[in-house]
Structure formats: structure tokens, C-alpha cells
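Accompanying notes for the structure given below.
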Amino acid sequence: MTPKHVAIIMDGNGRWARKFNKERFFGHNSGINAVRESIDTSLELGIKQLTLYAFSSENWSRPSAEVSALMELFMLVLKREVKKLHENDIRLSIIGDRQRFSSSLQKSMSRAEALTRDNSGMHLVVAANYGGRWDIASAAQRLARKVAEGVMSPDAIDETALDREICLSQEPPIDLCIRTSGEQRISNFLLWQLAYAEFVFAPELWPDFDGTAFDAALED
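Last residue of the sequence shown: number 411 in this note's numbering, and the count goes up by one each step with no gaps.
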């Protein structure tokens, strides 16, 4: 049975680059092909939603040159790929705390989402400056404000109320989470949303994760 919603932790770009004695950015750039492969495979298989962990809230601690290069790559990919997504009837959403991104990158994100908003095909979600703990804390803050404003009582705060405030609350539950590179941890990714997901820890480094590897993860 094909899962409706697959989430992927795209791990291993840096190690892949080291295999070729290249800088880590070489791996990040090469990983774009794996993103395309995963999108194409999802379309072929009829997967309704694909959520990709692109940049965690902890990634800011990486060397400044690498972070700057990642931001430039993110901007380039948004400009270059969004038209292809639109042509394939794919809706793009970006989740995470955008305030730390540059104003120009925030505008590019908003434009990409606006262009694809009415598309009814696959839903592609990119998690950028995202952390599962941030997500839950932000949801709790929104509920606390409602209590402070008298909109709801503290006793009304339950799992359902919190779930409504969490990222992806309107989306189908995650059926499968894949992490590449063989590492077996979730790295603060969608902590709430992964409660009932299946997990596959694929051995391939992210740039090597092609359609065949995706099929193998689904078969597993």
C-alpha cells in the first residue's frame, strides 16, 4: 500500500562531499538531484504529500561560510525550481521560523507559495529553520495567548487543541519517515507529527538517494 505522506530527513551531504575531497557545499549542491528524484518518484507512485527536512534550527551553528552558501543555494533553487513545480501541479509550502532569513529570501518563499497555492496535485513541504521543539513551543504560546485573551480556558487545552496549532495540522498524518546516511535518530524533526509514523533508516548518503533507493525504502 502506497503511503499518503512521506517525510525525509536528507542527511549525508557533507560525508558524500568528503568522499570526493570536496567542501561540504559540494554535497549540498549535489543533493538537489536527490530532491528532484524524490519528487519524481512520489509523483509516479501517487504519494500525496512529501515533506523534506532542508534546514534545521540547529544548522545555524555550522560555519558561517557554509550557512551563507546554503542560503544562496536555497534562493537559487526557489527561483529555478518553482516554475517546474507549478507546471507539475505541485503545491509548495515552507514551514519553520522565517524571521531569521533575509528579507529577500522570505519574499522568495512567499512568492513561491503564492504561485503554487491553488495547485491540486502533490503537496511538497519544505522544513526550513524548523525544529520540532520550536514547533511545539510556538503552538503552546498561541494557546497561552488565547487563554490570556479569554478566548479559551486552560482546561480546554488538550491534545486536540495543541494539534490544531502545530505545523501540518491540516495535512494527512505522516505514514513513513525516511532518514538517509544510516544514522538512526530524528534530529528534532516533526516530533509531534511523527508519533505514529513508520521509520526507515536508509544506508545511502543523500546525494545517492535515487528513485531505486526510494522504492527500496517503501518496500521495507
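No residue lacks a Cβ here, since even glycine has one placed at the ideal position from N, Cα and C.
Ranked by Cα distance from Gln384, the options Leu296, Ile365 and Thr232 are led by Ile365. Asn204 is the residue among Cys358, Ser311 and Asn204 whose C-alpha sits nearest the C-alpha of Glu257. The C-alpha of Arg206 is placed about 12 Å away from the C-alpha of Thr371. Per DSSP, reduced to three states, the secondary structure at Gln332 is helical.
Its Cα nearest to that of Asp354, the residue Leu382 stands out among Leu382, Arg376, Gly373 and Glu340.
Taking Phe216 as reference, the option from Ser252, Met262 and Ile327 with the minimal CA-CA separation is Met262. If you draw a straight line from the Cα of Gly323 to the Cα of Asn379, it comes to about 5 Å. Burial state of Leu367 is buried, judged by a 10 Å Cβ sphere holding 16 or more other Cβ atoms. Runs of alpha helix (DSSP H) with 4 or more residues, each lying fully within the segment 258-314, are found at 294-307, listed in chain order.
In the three-state reduction of the DSSP assignment, Ala393 falls in the coil class, being assigned neither a helical nor a strand state. If you ignore the 5 residues before and after Phe211, its C-beta comes within less than 8 Å of the C-beta of Phe217, all in its own chain and listed in chain order.
Residue burial is scored here from C-beta neighbours: Arg282 has at least 16 other C-beta atoms within 10 angstroms and is therefore classed as buried.
Excluding its 5 nearest sequence neighbours in each direction, Ala319 has C-beta neighbours in its own chain below 6 Å: Ala245, Phe246, Ile285 and Gly287, listed in chain order.
Beta-bridge partners assigned by DSSP to Val197: Leu241 and Leu367. DSSP places Glu214 in no alpha helix (DSSP H); its state is neither H nor E.
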